[in-house]
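Written below as structure tokens is the structure these notes are about.
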Amino acid sequence: MAEQSLGGRILDGYGDLIAQHIDDAPEGVRQALSVAFNVERAKVTILPELKVHPFSRDAASIALRSVTDALNDFGSSVVTSIFLPSEMFLSMGVHPVTAEALSGFVTAAHAETGFVGEAEGMGVPETYCSFHKVLMGLATSGVLPAPRLLASCSVPCDANNLSFKALSHVWGTPHVYVDVPYSTADDAAAVSYVADQLRSLAHAAERAYGTDLDEEELRRHVANSQETLASLRRSLPLRRGHFMRSDMGNEMQLALATHLWLGTDDTLRMARHMERDLADAQDFDGVSIVWGHIPPFFLRSIAEPTSQSRDAQIIATDMLYDQVGPDEPRYDADHPFEAMAERLLDDCFNGPATRRADRLCSLARQTGADGAVVFVHWGCKETAGAAQLMRRQLESQGFPTLVLDGDGCDRGNCMEGQMSTRFSAFLEMLRARREAA
Amino acid sequence: MTPNSVSVERSTGDRVEARRDGGHVVYYACKYTPVELLAGFGARSELAEADVSSFDEADRLAHPNLCGYGKGLIERLLRDDVREVVLITCCDVIKRAYDVLREQGDFDFIYLLDLPHKRGEAERRLFRARLADLADRYAEYSGRSFDVGAALAAFEPPVRSTGDHVTLLGAHATRALLDNVGEGVGYPVENGTCTERHLLVTPPPELARAASEGDCSACGDDAGAGVGRAGGTLDTFLDWYAGALLNQMPCMRMDDVSQRAKLHGGKGQRGVIYHTMKFCDYYGFEYALATKEEDLPMVKIETDGTSQSLGQLRTRLEAFGETLHGADVAREAAGSREGLGRGYVMGVDSGSTSTDAAIMDERGNLVATVILPTGAKATESARRAKAEVLEKAGLREEDMALKVSTGYGRDNIPDMDTAITEITCHAKGAHFLMPEARTIIDIGGQDSKVIHLDDRGNVLNFVMNDKCAAGTGRFMEMMARTLEMSLEDFCRTGLEWKHEVKISSMCTVFAESEVVSLVAEDTPTPDIIHGLCESVARKTATLARRVNGEAPYLMTGGVANNAGVVQALTNVLGAPVATHEDSQLCGAIGAALLGLESLQQG
């Protein structure tokens, strides 16, 4: 089956080569992956994709950098979970990298099968999240050297608990786990509890990297984060009726940029470009859908119908707008740890499934979407368990919804033919509904 | 009140009806549920067994890709007899099950208690506040006040087994599973699964004194009377209880699980059985770590959380029991047959595809063997195999000192002396055929297994595929059918491959879809078959790594006749994989050998 890569195909044929040498030459495999990603990074910089909006090019560049920086200098990296605030690390010059980022790029290089097999061989259950399986495989094979610190939080899923605990064992690296109550930032005790844990995490990072945290720099990063999210909030209604000129790869890159690199000047610039680009965007009269979870960008038959297409587009995802609620933040950058705690507690992926369903409904309403897709990524019990509930809630508010089963990074768990038929038929249904209205 | 916890209360009339049906019964699913606190309000807590006959409703309301216990809970708790539910935010599946129950159910009381992942002072304070909130909500709903004496009476003393026993760890076990393990392994079972309470402390004397004061209040003092929390008594209780509950033996979702090492190797523990479920990830991880402890006999079993999936576990549990008991069952049988026969032994392997029999003389020489298709009636095939092998050897049934059966149908063969699992027999038979082999890869029609041996043919470790057909002979048969070929042609054609084709999926259904797509793209058939062989090899190599498999490898079972798979396995494992012309007789030969050994030792 042919696939489309993340922002353009990286290197075909790498996957088999990598799978063959995971066990006997892990260092060579790491270098091969690093070369592939650096080539792609250079391409994004020198020959940017002109069909997409400038803000999408910004996102591609940021996302690629997150992985290339990590692979080029893993000693200065921290392996984190995607919802954990990064500002402490960024303020210290430490590169955050996550399972989703590494696995996404490994999949783009067609190399996920070998790492999934490696992880399963070590006893990782087959029904585990594939993003985390690839990360585990990268670690146990020795392709990724040990970082100096592991940091994760309990939002949104159990994998952030399990994988990181196991990786700490494999690598002999300290792991700091941030326990996030099943609550909101209305609960002051919960904010204080999470903020204190983030302070402890910052101290652990200081010890691990031998660098003092500059509080002023941290406040600057948190202020950047808040301005970035405010910009995203302003840009949301600008999506309505406008042509996104994006593809599924862009959506994943945007999610990485607004989580891992939230707080940087680059991500703030990207958000501002988004506001500008969307305000000037061409009108769009095709079908617009809201997408739940990370889309399977590597499956051509799924990605193609919405790739810079005039007929159908993804207009918003909950992976981009999970941190963008209706209210202004209660804590400003002068209280950086409380501000980060508030963001984490109020993330729509924390707490009951109705919170995420509400966010999807809100996104659909504000963007004027025709319908929604809840993508059930293999091994994601958080999404699987909530999928039908989210569908019922979306449909009760007038948004036809498709629950689509697949995998966000492992081709082995995707029935592409069946997925494609279901997705295409859903788009046809929305189109017919739109024409009839 | 904490905003994370939500309760639903119904009218007084409903409550009265609920009480008439048996009082307050709270259904729960996690060992961190405060059953003693609820007992203080006169509620009986009942662990939701969730041993249901189908997951249809759960699949419809939630999704098939949840663990069997989570889906079973949805099915069970939506039944009319359940009026009160307290769940814990213990894992992703239970949180989502709560969401579905809250949306779909019609309960008198339903509450989700948030459990911290850590156990420090800050977490204890947080957890205490949440317990207090639950107490307030339940008091308000039930109209009852807290009775510390009733709460203390609900405590069960933390006493661990010290006599010979096995410990069942991992995901929730139904009563039927506990019984099955006990019967299969032959030892009493200590339940250490995720739903089994494991408090490490007993209530302090101050609380008992508070209970006595509470009794006095019943005679006139109003401290414990009326609706609500009963003020200071509940506070004193919660001050202690929050820490006691939080600091019990941790389950795998807690951040620090180092204490769980104490679950391995306690006094009297003969072995550990790990119970896992698909889409429950926690205990697969712990099992992977625990397998590195070489001294601990351990086996992994997988169910879907209901008693319907227990049948397939029998072989695994009995084989594990055989390794724990050491002196095997055959020896006992030999004792009872001493002095009979002329020193010949017979082994019969009743498998899903073929029924094989072997006769050995007292010096361990093979006298005769037969292989017959099993067909529709396993018992009849076994009877014919016995008759034919006796005829071939020129012997009568009375000449047999011992007859040992093995295989799926081992317990249904008439007139046998004893039955031993195919794992133990296969290992012994493989050692006979190729003494240098240390890892046996057996891929049969129904299942695939990898057995790691010592230099005497004893089982060091083994692993079997779960009930899915991935990587088995059945997988190959279905793929051959998809390509409209006989299995023989399929194997032969696969050797003519020219280009690498990757079949990503191991799932039979997904792989079939991939094959259909490749056919649509005019991919040459030999290349597709080669891709399938590689796919089976990858799956099998994963199993081999799980038991620390090492060269030399011997492959047995029907799939050993597929040269493409053997070659692919050689490539993936990085070492030659041998086959043997008599490999199909492994089980029968092993059964006969074990019989012979027991006669010689007995």
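In order, the protein sequences belong to chains A and B. FYI, my numbering numbers position 147 of the first sequence as 147, with every residue one higher than the one before it. Every number in my numbering is 437 more than the matching position in the second sequence, counting from 1. Where a beta carbon is used, it is the ideal one built from N, C-alpha and C, also for glycine.
Q | Residues of the stretch 340 to 355 of chain A with Cβ closer than 8 angstroms to any Cβ of chain B, in chain order | A | G351, P352, A353, T354
Q: Starting from H602(B), follow the beta strand (DSSP E) in both directions and report where the run begins and ends.
A: 602 to 607
Q) When we look at the beta-carbon of K823(B) and count the other beta-carbons within 10 Å, is it buried (16 or more) or exposed? A) buried
Q) In chain order, what residues of the same chain lie with their CB nearer than 6 angstroms to the CB of A864(B), ignoring the 5 residues before and after it? A) I888, L890, G894, V896
Q | Beta-carbon proximity list for A874(B), same chain, < 8 angstroms, skipping 5 on both sides | A | A867, H868, L890, P989, Y990, L991, A1015
Q: Please specify which runs of the beta strand (DSSP E), each continuous and at least 3 residues long, are wholly inside the stretch 979 to 1035 of chain B, giving them in chain order.
A: 990 to 993
Q) What are the boundary residues of the alpha helix (DSSP H) that E1049(B) is part of? A) Any answer about residue 1049(B) is impossible in this case: the structure gives chain B only from 438 up to 1039.
Q.
Against chain A, with Cβ distances strictly below 8 angstroms, would R833(B) count as a contact?
A. no
Q.
So within the stretch 16 to 104 of chain A, which uninterrupted beta strand (DSSP E) runs reach at least 3 residues, ignoring any that extend past its ends?
A. 77 to 80, 95 to 98, all fully within the stretch 16 to 104 of chain A.
Q. What does a CB cutoff of less than 7 angstroms around A569(B) pick up in its chain, not counting 5 residues either side in sequence?
A. L675
Q. Which residue's Cα is closest to the Cα of R513(B): S789(B), A495(B), G908(B)?
A. A495(B)
Q) Listed from N- to C-terminal order along the chain, which residues in the stretch 155 to 167 of chain A have their beta-carbon within a distance smaller than 9 angstroms of any beta-carbon of chain B? A) P156, C157, D158, A159, N161, L162, S163, K165, A166
Q | Within chain B, the residues that A139(A) reaches when beta carbons sit closer than 7 angstroms | A | Here the premise fails: no neighbours, minimum Cβ distance about 13 angstroms.
Q) If F592(B) sits next to E473(B), beta carbons under 8 angstroms apart, how far is it from one beta carbon to the other, in whole angstroms? A) 6 angstroms
Q: Evaluate H221(A) with the Cβ neighbour count: other Cβ atoms within 10 Å of its Cβ, from every protein chain shown; 16 or more gives buried, anything less gives exposed.
A: buried
(Q) Just to confirm before moving on: does the CB-CB distance between D536(B) and A36(A) stay below 8 angstroms? (A) no
Q. Is the beta carbon of V287(A) sitting closer than 8 angstroms to the one on L360(A)?
A. Against a cut-off of 8 angstroms, the Cβ pair of L360(A) and V287(A) comes out as no contact.
Q: Write down the C-beta distance between D964(B) and V938(B) rounded to the nearest angstrom, noting that I regard them as a contact closer than 8 angstroms.
A: Your pair D964(B) and V938(B) checks out as a contact, with CB atoms roughly 5 angstroms apart and the cut at 8 angstroms.
(Q) Taking 7 angstroms as the limit between beta carbons, can you name the residues of its chain near N160(A), skipping five residues before and five after? (A) Here the set comprises S81, S152, C153, S154.
Q. How would you list, in chain order, the residues of chain A whose beta-carbon sits under 7 angstroms from the beta-carbon of T526(B)?
A. Result: Y182.
Q) Can you check whether the CB of Y321(A) is closer than 8 angstroms to the CB of L438(A)? A) There is simply no residue 438(A) to check, as chain A begins at 1 and stops at 437 in what is shown.
Q | As assigned by DSSP and simplified to three states, the class of P810(B) | A | strand
Q: May I ask you to list, following chain order, the residues of the stretch 537 to 551 of chain B that have a beta carbon less than 7 angstroms from some beta carbon of chain A?
A: V537, E540, D551
Q) Comparing alpha-carbon positions, which option in E87(A), N250(A), D346(A) lies nearest L438(A)? A) Residue 438(A) is absent from the model: chain A starts at 1 and stops at 437.
Q. How long is the line joining the alpha carbons of I511(B) and A476(B), rounded to whole angstroms?
A. 24 angstroms
Q: Write down every uninterrupted run of the alpha helix (DSSP H) in the stretch 475 to 525 of chain B whose length is 4 residues or greater and which is fully enclosed by it, in chain order.
A: 493 to 498, 505 to 514
Q.
Tell me the DSSP secondary structure of N250(A) in three-state form.
A. In the structure shown, N250(A) sits in a helix (DSSP, three-state: H, G or I).
Q. Taking DSSP as the reference, what is the three-state secondary structure of V938(B)?
A. coil
Q | Coil, strand or helix - R434(A) by DSSP | A | helix
Q) Got a sec: which bits of the stretch 308 to 327 of chain A sit with their beta carbon under 8 angstroms from any beta carbon on chain B, in order along the chain? A) none
Q.
DSSP three-state label for I294(A), please.
A. Note: I294(A) maps to coil in three-state DSSP.
**Q.** Within chain A, the residues that T728(B) reaches when beta carbons sit closer than 9 angstroms
**A.** G123
Q. Given that a residue counts as buried once 16 or more other Cβ atoms are within 10 Å of its Cβ, and exposed if not, what is S246(A)?
A. buried
Q. Less than 8 angstroms separating the beta-carbons of N413(A) and S130(A)?
A. yes
Q) So what does C153(A) bridge to, in DSSP terms? A) V178(A)
Q.
Going by DSSP in three states, M691(B) sits in which element: helix, strand or coil?
A. coil
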